[in-house]
Each structure stands twice: as structure tokens, then as C-alpha cells.
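Notes follow once the structure below has been shown.
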Amino acid sequence: MKYPQVYITGMGIISPLGIGCAATLSAITRDDKKISPLSLFPVLHGTPLPVGQIGEPISRDARLPRTHQLALIAAREALSGHNRPPDAIVIGSTTGGMPDTEKGLMAGIDDPDAYRFHATGSVGDHLAIILGCRGPVLTVSTACSSGTATFKIALELLRSGRATRVLAGGVDALCRLTYYGFNALQLIDPTGPRPFDRHRHGMAVAEAAAMLLLESSQTVPENAVAELLGAGLSCDAYHPTAPHPRGDGALAAMSAALTDAGISMSRIRDPIDYIHLHGTGTVDNDAAESVAIDRLFSHRIPAVSSIKGSTGHSLAAAGAVGAVVSALSIRHGLVPANTGLVEPDTRLPLCPVETPVHQPVRRALVNSLGFGGNNAAAVLGQIGSGNPVKTAHFPRALSILAHACRTGAGNTDATAECFRRGQSMAGQLSSAALSAGLPPATLRRLKRMPRMVLSLCETIRRKAAPASPQSVFLGTGWGALTETHRFLTQLFESDQRFASPIDFSGSVHNAPAGQAAIFFKATGPNLTLTGGDYSFEQALFTASLLARDGDPPCIVIGADEFHPDYSPLFDRSCRLARVPADGGGAFCLQDGKLPGQPSLHSLFYARTEENGENPEIISRLAAALDGRHSLSDKYSAILYGIPKCYDSLGNMQLKQFFSAINRQVPGIPYRSFTGEFATASAVATSLAVTLVQDQVVPSALTGTGSVDLGGRGILILGLGASVSAILVSP
Amino acid sequence: MENLIKELQIKIIDALDLVDVTPDDIAADEPLIGGKLGIDSIDVLELVMMVEKDYGVLIDNQELGTKVFASLGALAGFINENRVEKTR
Numbered sequence: 001m002k003y004p005q006v007y008i009t010g011m012g013i014i015s016p017l018g019i020g021c022a023a024t025l026s027a028i029t030r031d032d033k034k035i036s037p038l039s040l041f042p043v044l045h046g047t048p049l050p051v052g053q054i055g056e057p058i059s060r061d062a063r064l065p066r067t068h069q070l071a072l073i074a075a076r077e078a079l080s081g082h083n084r085p086p087d088a089i090v091i092g093s094t095t096g097g098m099p100d101t102e103k104g105l106m107a108g109i110d111d112p113d114a115y116r117f118h119a120t121g122s123v124g125d126h127l128a129i130i131l132g133c134r135g136p137v138l139t140v141s142t143a144c145s146s147g148t149a150t151f152k153i154a155l156e157l158l159r160s161g162r163a164t165r166v167l168a169g170g171v172d173a174l175c176r177l178t179y180y181g182f183n184a185l186q187l188i189d190p191t192g193p194r195p196f197d198r199h200r201h202g203m204a205v206a207e208a209a210a211m212l213l214l215e216s217s218q219t220v221p222e223n224a225v226a227e228l229l230g231a232g233l234s235c236d237a238y239h240p241t242a243p244h245p246r247g248d249g250a251l252a253a254m255s256a257a258l259t260d261a262g263i264s265m266s267r268i269r270d271p272i273d274y275i276h277l278h279g280t281g282t283v284d285n286d287a288a289e290s291v292a293i294d295r296l297f298s299h300r301i302p303a304v305s306s307i308k309g310s311t312g313h314s315l316a317a318a319g320a321v322g323a324v325v326s327a328l329s330i331r332h333g334l335v336p337a338n339t340g341l342v343e344p345d346t347r348l349p350l351c352p353v354e355t356p357v358h359q360p361v362r363r364a365l366v367n368s369l370g371f372g373g374n375n376a377a378a379v380l381g382q383i384g385s386g387n388p389v390k391t392a393h394f395p396r397a398l399s400i401l402a403h404a405c406r407t408g409a410g411n412t413d414a415t416a417e418c419f420r421r422g423q424s425m426a427g428q429l430s431s432a433a434l435s436a437g438l439p440p441a442t443l444r445r446l447k448r449m450p451r452m453v454l455s456l457c458e459t460i461r462r463k464a465a466p467a468s469p470q471s472v473f474l475g476t477g478w479g480a481l482t483e484t485h486r487f488l489t490q491l492f493e494s495d496q497r498f499a500s501p502i503d504f505s506g507s508v509h510n511a512p513a514g515q516a517a518i519f520f521k522a523t524g525p526n527l528t529l530t531g532g533d534y535s536f537e538q539a540l541f542t543a544s545l546l547a548r549d550g551d552p553p554c555i556v557i558g559a560d561e562f563h564p565d566y567s568p569l570f571d572r573s574c575r576l577a578r579v580p581a582d583g584g585g586a587f588c589l590q591d592g593k594l595p596g597q598p599s600l601h602s603l604f605y606a607r608t609e610e611n612g613e614n615p616e617i618i619s620r621l622a623a624a625l626d627g628r629h630s631l632s633d634k635y636s637a638i639l640y641g642i643p644k645c646y647d648s649l650g651n652m653q654l655k656q657f658f659s660a661i662n663r664q665v666p667g668i669p670y671r672s673f674t675g676e677f678a679t680a681s682a683v684a685t686s687l688a689v690t691l692v693q694d695q696v697v698p699s700a701l702t703g704t705g706s707v708d709l710g711g712r713g714i715l716i717l718g719l720g721a722s723v724s725a726i727l728v729s730p
Numbered sequence: 731m732e733n734l735i736k737e738l739q740i741k742i743i744d745a746l747d748l749v750d751v752t753p754d755d756i757a758a759d760e761p762l763i764g765g766k767l768g769i770d771s772i773d774v775l776e777l778v779m780m781v782e783k784d785y786g787v788l789i790d791n792q793e794l795g796t797k798v799f800a801s802l803g804a805l806a807g808f809i810n811e812n813r814v815e816k817t818r
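Read top to bottom, the protein sequences are chains A and B.
Counting along the first sequence from 1, when you hit position 107 you're at 107 in our numbering, and nothing is skipped either side.
Counting along the second sequence from 1, when you hit position 14 you're at 744 in our numbering, and nothing is skipped either side.
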């Protein structure tokens with residue numbers, strides 16, 4: 001069966017160029033430059049730096065952070081003319097509710113309600129509620145490549161038939177964290193960005209939101225603007241902030257995107273007419289990207305330009321802005337100018353377009369290169385320019401080559417032993433224990449969360465050898481809180497005078513996944529999913545979507561740290577818990593069922609409606625288990641997780657589930673053992689693997705005598721605002 | 731000057747969490763970056779912040795940074811020439 005084609009049937013954008021596609025097209029036709037000194041919030045010392053700021057007033061709901069408002073404006077435009085909600089939402093964001101969180105922290109507000117939109121995942125959740133989406137809502141926080149990375153996930157959702165209409169894109173609003181953070185890294189050009197100029201000196205931080213409505217169809221939909229032909233991901237696995245000097249990662253992402261689009265460089269002459277460059281204006285980024293393009297296009301380089309001299313760098317939104325602008329390029333036969341370029345850098349092997357050029361663009365390549373060496377590229381084309389050659393892919397079980405977990409009780413074995421005895425493992429493993437076996441030089445700049453991740457990686461490396469993961473999928477509800485706290489505290493206590501570059505580069509949500517990539521030299525896809533209590537589920541779901549037969553193994557990790565100040569403010573369940581707890585789990589996985597190896601199968605993941613009381617989602621879950629997969633007799637026990645803040649909703653869903661499956665199966669509430677933290681499900685999954693290997697659920701867990709699994713597996717249910725099901729099979 | 735070098739050795743170890751480095755390991759005349767200490771470009775920027783915070787001395791561009799962070803001795807010399815005495 002061939003892939004259905006994926007069409008862009010709606011686009012939305014709000015950026016410094018203006019609000020909406022029409023204003024954006026006018027601005028790029030005129031070659032507007034929209035860089036100006038920051039005025040969105042006061043700068044307490046020195047001259048405000050140039051930024052890409054949205055000038056128009058946008059406030060519609062003062063209770064919502066700016067990020068959420070921008071996302072909603074772009075989403076509404078993308079969906080205008082459509083009367084059905086999308087089946088799934090995939091949003092890239094690195095800052096989430098940070099603009100409001102900063103204000104709250106500066107004012108010393110300790111009411112957790114002030115931080116209810118802090119999580120990056122709350123942007124997509126909010127969109128889902130407003131738009132009525134009841135399918136999977138995924139949040140990608142893979143730094144500046146997030147926006148483009150969402151298109152890869154969306155493509156796979158559509159190709160696998162798990163969705164037919166996906167809203168995908170990125171958003172970030174200006175905030176102090178990124179404004180001061182990038183400045184601390186001396187990556188800002190005080191005179192404004194001049195990508196690919198001989199005298200370029202850095203970027204301008206910006207804000208924007210851009211979304212695509214993507215639809216799979218065997219025929220061309222009426223309102224199709226362009227096709228999304230393919231996308232590719234890669235990781236430099238080289239350095240936390242600096243790109244690989246020869247552009248290895250950028251080259252790999254572009255090659256993967258072209259291959260995914262069915263484009264063979266050796267067979268098609270000039271397959272790409274326009275490359276929308278990442279081109280931030282930093283010395284190293286522009287050099288690495290140029291070299292990569294030169295290597296890939298073997299000196300026949302198509303028209304290229306970066307618009308970041310005009311818009312600034314809107315981080316997680318940048319790739320999505322690039323996609324909207326490239327779709328406009330295709331539609332209107334317009335190559336945008338590389339604004340800000342005065343004196344081309346003749347040391348670079350490419351020369352961007354200096355003024356807007358009207359010429360046909362049949363296919364465009366969009367590049368995004370981010371912190372942590374995370375790269376993504378997407379290929380867009382005119383309607384009919386696609387080349388559907390591949391067969392459809394349906395996510396299946398992933399074999400477990402190795403697994404590990406960390407909890408307050410200790411490492412994998414200690415945690416499992418504690419669980420078998422029916423005792424709580426809630427607590428915090430000491431930093432020394434988390435650092436055991438890791439080289440001190442590696443740990444030097446790392447605080448709790450990345451140490452936990454590397455500690456898990458170290459166990460996986462040992463247990464999975466000689467297999468070694470080549471791609472990384474990390475789920476984290478809250479990211480590296482210690483680094484974030486250190487950065488913001490120093491910034492605010494010094495009256496915004498001092499910002500630590502080390503803490504900033506460690507605070508980005510994808511920093512631990514970048515560390516994992518360097519640890520394994522994993523140059524494949526590297527994604528960080530930040531969906532609150534469902535972050536691990538999102539990471540596993542995404543890994544299954546992207547996994548292909550014959551691919552090298554991947555590592556799927558879920559990890560969160562407890563922070564005494566931030567965790568109770570941000571995580572409602574943590575606040576209700578008696579004991580501070582954190583931990584994580586990791587799995588080295590290979591696509592397909594290998595004989596003799598246990599497996600993980602991500603069967604179901606979807607969001608509930610706003611009030612959540614509709615049993616419809618549980619019926620859908622039961623149908624998914626019973627119908628398509630006929631898995632109702634594949635498990636003999638259930639581990640279920642209800643985040644404490646969803647106690648009554650989760651328990652109601654659980655009751656509905658048991659009545660729907662109409663079977664007597666022991667159910668074990670795993671959060672009573674792991675404690676309350678966002679990625680408790682990653683620990684539960686590791687525990688389930690151990691029990692499935694034991695083939696016995698001890699009586700201490702069932703309360704009614706031990707249960708022989710009888711050759712069957714364990715179902716892991718996540719309940720609450722989202723509902724998920726993962727099957728662990730022997 | 732000697733005191734400043736001693737003070738900086740401790741401050742550098744502290745700012746960069748150089749757990750397995752002793753003050754004497756940071757020699758005044760050896761390259762500060764890229765040597766056995768494992769100090770890289772992000773560390774240098776962290777030291778830029780420390781120098782501004784503790785000595786009121788600004789190192790705000792890469793060209794200057796390359797010169798100033800050539801060695802501990804060069805850093806101490808630059809601070810000595812440019813520092814703002816806070817109390818006198």
C-alpha cells in the first residue's frame with residue numbers, strides 16, 4: 001500500500017512580519033526588516049538589544065501567557081474555513097508559559113495557580129481544549145529545531161493512519177530567559193542579525209507562532225496549498241551549543257528529509273529550487289550550514305535565503321515560520337530576500353539571494369538547526385510534485401534490548417525489589433548515587449536531571465551492549481529544574497545584570513537528550529517531548545511512530561527531577577504528595593518483535609475533553625485494545641497511573657475501563673509506589689518489564705495472593721487529562 | 731598580582747565546578763582553554779560573567795576574550811589594569 005499524500009490545507013502565522021499569511025506575504029515581497037530594540041519588557045541595564053517582536057497588540061485573554069495567545073492566533077488562522085477539529089496536535093515550544101512564570105517569580109508569587117500555564121505542554125493542551133481536539137496532543141521541546149520536527153511526527157501520524165488531519169507547528173514568545181540567555185552566550189548581534197554576511201555577529205531573539213493543517217488524502221483536497229513531501233531529523237552528538245563545524249548533522253537531516261520525500265539526488269537534477277536556511281546570523285551556525293549544503297548539493301546550490309535578518313530567530317517557531325513562508329514561496333513563485341546581508345561572506349560556499357526574486361519554486365527545503373545539535377529539515381512541494389513510492393508503516397511492538405530505572409529506592413534492581421515487596425520507593429536518590437560510574441569530567445556542568453538521564457544511559461549501555469542506540473526520545477514533564485532555577489534566581493537577584501551561560505544551556509528542555517546523544521554518539525533523531533504527566537508516553541508513542549524495520553535501536557527515556565522550590569509550584573500532583581519524589585526509566589528498543597525478548601507496544605494515546613467526564617475516550621481505548629489489536633487476552637495484570645491532581649477523574653475512568661473490558665484483572669496503582677512525579681510511568685514501565693520477566697505479580701502488590709501471568713503481559717494505563725495504554729509482553 | 735592569580739585559581743575552580751582540579755593545576759602561563767583543564771567556550775563565557783560580577787571588568791566580545799583568556803596570567807593582568815576598586 002502506498003502512502004497517502006500529505007497536503008497543507010491550512011496555514012496560520014503571527015510573527016514580527018505581521019499577523020496572517022497575507023500580511024506575511026506582503027512583508028516578504030517588500031523585504032521588510034522588522035528588527036527593533038526590545039520594548040515588550042523593561043531592560044534594567046544598558047541599551048535594549050535588537051529583537052524580533054510582534055508589534056501589533058495581541059492580548060485577548062490576560063490570563064493566558066503570550067505564548068499561548070500567539071499559538072491560538074496561528075491555529076485559528078490555519079483552521080479557518082475548516083469546520084472540524086484536527087485529529088491530533090503536535091506543537092513545538094521551548095518556553096511555554098515562561099513569560100508569565102518570570103513575572104510571577106519576580107513578584108514572589110507563591111500561589112501555584114499563577115503557574116498553571118507554565119508547562120510547555122500546556123500550549124498544546126490549551127489549543128486542544130479550545131479547538132475540541134480529542135486525539136493525541138504532543139509537545140516537542142527540541143530547542144530551535146522543534147517547529148520543523150513537529151512536521152516529521154505529523155507526517156508519520158498521517159502515514160500510519162493514526163490521524164487524517166493534524167495541526168502542527170511551533171510557538172515561542174519573547175521572555176527574559178531566552179533574551180538574557182542567548183546574550184550570555186554572546187550570540188546576539190547588537191546591530192541586528194546579518195545572516196551570511198562577512199561581518200555577521202550573531203542573532204536576534206524573536207517571537208512567533210506558525211501552524212500548518214496537514215491532511216492525508218488519496219486525492220487533492222479542495223483547499224490544498226502545497227504538499228508536505230518529507231522530513232528528516234538528526235543529531236550532531238557533538239556539543240551542547242556549538243554546531244558540528246563540517247555541518248555533519250545538518251547534512252544528515254537534509255539527506256533524511258530528501259530520502260523521506262522520495263527524492264534521489266543522483267536521479268533528479270535540481271530537485272530543490274529554494275532552501276529556506278536556518279541562517280541565524282551567528283558565525284558558527286551560518287558556516288556549518290553553508291558547508292553542509294555545499295556537501296549535499298555538490299556545488300549546484302539552489303536559491304537560498306534566511307529571513308532571520310528580517311524576523312529574528314523565533315526558536316521553536318522558526319522552522320514552522322520557515323514552512324509557512326516556503327509554502328507561500330511555492331504558491332506565489334517568490335524567493336524571499338536574505339535580509340540584513342550587506343557584504344556576502346566569500347569564505348562561505350554559498351551566496352544567498354539579496355533581494356526578493358520572482359521565480360517558480362516547485363520544491364523547497366526548510367532547515368532548522370538547534371542547540372544540542374538537534375537538526376530537522378522538511379521538504380515542501382507544489383501540488384503534484386510528490387513521489388509516493390514507499391509503503392505504509394504501521395507502528396508495532398518494539399523489542400526491549402535493555403531497561404533501567406531510578407527511584408528513591410535506588411537503581412533498577414533495588415527499585416524492583418522494593419516493588420515486589422509492595423513497599424513505596426518514593427523519594428530522591430542522592431546526587432552521588434546518580435553520578436556513580438560516570439566520568440567526573442562529563443558531570444562537571446550537569447545538575448540533577450541530566451545526571452539522572454546519563455545514569456540511566458550508563459546502565460543501558462552496559463546491558464544492551466553490543467547494541468547501542470542511535471536515536472534518542474526523551475520525555476520530561478519539567479526539564480532541568482535545578483539549572484532553570486539557578487539561571488532565573490541569579491538573573492533576578494542581580495537585578496537582571498548577570499545571566500549564566502552554563503545554566504542557560506543546561507536549562508533548555510532538550511539539554512539532557514543532547515547529553516544522551518553525545519554519550520551514545522547517537523546521530524539519529526533526537527526528540528524531547530514535554531507533555532506534563534504524559535511525557536514518557538509521548539516519547540514512546542513518537543519513537544514507535546518513527547521506528548522502522550531494520551533501523552538501529554533507539555533509547556526512550558522518561559525522567560524528572562524534584563526541585564524544592566519549583567516542583568510544588570509547577571506540578572499540582574507533586575504538591576499534593578506527602579513525599580518529594582523523582583526518578584526515571586529508560587529502554588533500549590528495536591523495531592519489531594525479536595524472539596526471546598520482551599516488548600513494549602504503545603497502543604493508545606489521546607486527550608480527554610475539557611471536563612473529562614465523557615466516557616467516550618475509555619470506550620475508544622477499550623475498542624482499540626479489543627478490536628484492531630485483539631489484545632484483550634494478552635495481559636494478566638494492569639499497572640495504572642492516576643496523577644494525584646486527577647484523582648477523581650482518573651478513578652472514574654478506571655471504573656469505566658474495568659466495566660468496558662468485562663474481565664477480572666488485578667490492577668495496581670503504580671503512583672502509590674513510585675511517588676508523584678511527571679515521568680512515574682517510565683519507572684512503572686520498567687517495573688512491568690521486570691514482573692513480566694518474573695511472570696508473577698507478588699501478593700504484596702495484588703493484596704489477594706500472587707498472580708501467575710500465564711505467559712501473558714502487563715498493560716500500563718495512564719489516566720487523567722490524557723489516556724494512554726502501553727502493553728508489555730514477554 | 732600574585733594574590734590575584736591565587737584568588738582567580740580558586741574562583742575558576744568554583745565557577746566551573748572543576749572538581750578534580752587543584753588551584754596549582756591552573757598554571758599562570760599555560761593555555762587556559764582547550765588544555766588539560768577541559769575548559770571550553772561555554773566555560774569561558776561563564777568566566778566572563780564571574781569577572782564582571784567580581785571585578786567589574788567587562789569582556790564583551792570574542793576577539794578580546796581570546797586575548798584575555800589566553801592564560802591565567804593574561805586574565806589577571808587584564809583584570810589588574812581594568813578593575814574598578816569597589817571599596818577604598
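Note that CB positions come from ideal geometry on N, CA and C, so glycine has one too.
If you're wondering where the values come from, they're calculated on a predicted model, not measured in any experiment.
Worksheet item: Is A/Pro731 close to chain B, meaning its C-beta is less than 9 Å from at least one C-beta of that chain?
Response: This structure leaves residue 731 of chain A out entirely; chain A is present only between 1 and 730.
Practice prompt. At 7 Å on the CB atoms, spell out the chain B contacts of A/Gln186, in chain order.
Written response: Leu775, Gln792
Worksheet item: Along chain A, which residues have their Cβ under 9 Å away from the Cβ of B/Ile740?
Response: Here the premise fails: no neighbours, minimum Cβ distance about 16 Å.
Worksheet item: Are the C-beta of B/Lys797 and some C-beta of chain A separated by less than 9 Å?
Response: no
Worksheet item: Under three-state DSSP, which class holds A/Tyr739?
Response: Residue 739 of chain A cannot be examined here, being either before or after the span of chain A that is shown, 1 to 730.
Item to complete: Could you work out which residue in A/Arg420, A/Ile307, A/Ala577, A/Glu493 is closest to A/Gln693 when comparing CA atoms only?
Response: When only C-alpha atoms are compared, the closest one is A/Arg420.
Discussion item. Mapping the DSSP letters down to three states, classify A/Gly641 as helix, strand or coil.
Written reply: strand
Practice prompt. Examine chain B for any beta-carbon lying closer than 9 Å to the beta-carbon of A/Phe498, and answer yes or no.
Written response: yes
Practice prompt. Could you please tell me which residues of the segment 749 to 769 of chain B, in chain order, have their CB closer than 8 Å to any CB of chain A?
Written response: Hits within the stretch, in order: Val749, Asp750, Gly768.
Practice prompt. Mind checking which residues open and close the alpha helix (DSSP H) that includes A/Ala149?
Written response: 146 to 159
Item to complete: Name, in chain order, the residues that DSSP records as bridge partners for A/Met203.
Response: A/Ile188
Discussion item. Between which two residues does the beta strand (DSSP E) holding B/Met779 run?
Written reply: Careful: B/Met779 lies outside any beta strand (DSSP E), inside the alpha helix (DSSP H) at 771 to 785.
Practice prompt. Examine chain B for any beta-carbon lying closer than 9 Å to the beta-carbon of A/Ile518, and answer yes or no.
Written response: no
Worksheet entry | Among B/Asn733, B/Asp744, B/Leu775, B/Val814, the one whose alpha carbon lies nearest that of B/Phe799 | B/Phe799 has its Cα closest to that of B/Leu775, out of B/Asn733, B/Asp744, B/Leu775, B/Val814.
Practice prompt. Please list the residues of the segment 502 to 528 of chain A that have a C-beta atom closer than 8 Å to any C-beta atom in chain B, keeping them in chain order.
Written response: Ile502, Ser505
Worksheet entry | Three CB pairs or more closer than 8 Å across the segment 256 to 266 of chain A and the segment 230 to 243 of chain A | yes
Item to complete: Would you mind stating whether A/Leu17 and A/Thr311 have Cβ atoms separated by less than 9 Å?
Response: A contact, by the Cβ cut-off of 9 Å.
Item to complete: Give a yes or no on contact between the segment 527 to 540 of chain A and the segment 138 to 147 of chain A, applying the rule of three or more CB pairs nearer than 8 Å.
Response: yes
Item to complete: Counting only the same chain and skipping the five closest in sequence on each side, list residues whose C-beta sits under 7 Å from that of B/Asp759.
Response: Ser801, Gly803
Item to complete: Let me know if A/Lys521 comes out buried or exposed under the rule of 16 or more other beta-carbons within 10 Å of its beta-carbon.
Response: exposed
Worksheet item: A/Pro580: beta carbon under 8 Å from a heavy atom of the ligand ATP?
Response: You won't find the ligand ATP in this model; it holds no ligand whatsoever.
Fill in: DSSP three-state assignment for B/Val798, whether helix, strand or coil
helix
Worksheet item: So which residues of chain A does B/Asp747 contact, with C-beta pairs closer than 8 Å?
Response: Arg444, Arg445
Worksheet entry | Bridge-paired residues (DSSP) for A/Ile35 | In the DSSP output, where bridge partners are listed per residue, A/Ile35 has A/Gly52.
Worksheet item: For A/Ala376 versus A/Gly319, is the C-beta distance shorter than 9 Å?
Response: Taking C-beta atoms as the reference points, A/Ala376 and A/Gly319 count as a pair closer than 9 Å.
Worksheet entry | Inter-residue Cα distance where the pair is A/Ala433 and A/Arg451 | 10 Å
Worksheet item: Leaving out the 5 sequence neighbours to the left and right, which residues in its chain are closer than 6 Å to A/Ser505 when beta-carbon positions are compared?
Response: Pro240, Thr241
Practice prompt. Flag this pair as yes or no: are the beta carbons of A/Pro512 and A/Thr482 separated by less than 9 Å?
Written response: no
Fill in: Classification of A/Pro243 by the beta-carbon crowding that lies within 10 angstroms, buried from 16 upward
buried
Practice prompt. Please check if any C-beta of chain B sits within less than 9 Å of the C-beta of A/Ala242.
Written response: yes
Practice prompt. For A/Ser494, decide whether its Cβ has a neighbour in chain B, counting only Cβ atoms nearer than 9 Å.
Written response: yes
Discussion item. Bridge partners for A/His403 per DSSP, in chain order?
Written reply: A/Phe587
Discussion item. By alpha-carbon positions, which one of A/His313, A/Asp286, A/Met106 ends up nearest to A/His199?
Written reply: A/Asp286
Fill in: Minimum C-alpha distance to A/Phe570 - residue among A/Phe604, A/Gly479, A/Thr523, A/Asn510
A/Phe570 has its Cα closest to that of A/Gly479, out of A/Phe604, A/Gly479, A/Thr523, A/Asn510.
Item to complete: Would you list, in sequence order, the uninterrupted beta strand (DSSP E) runs of no fewer than 3 residues that lie entirely inside the segment 93 to 155 of chain A?
Response: 137 to 140
Discussion item. Once the 5 residues before and after A/Pro552 are set aside, which same chain residues still bring their CB inside 6 Å of it?
Written reply: Gln470
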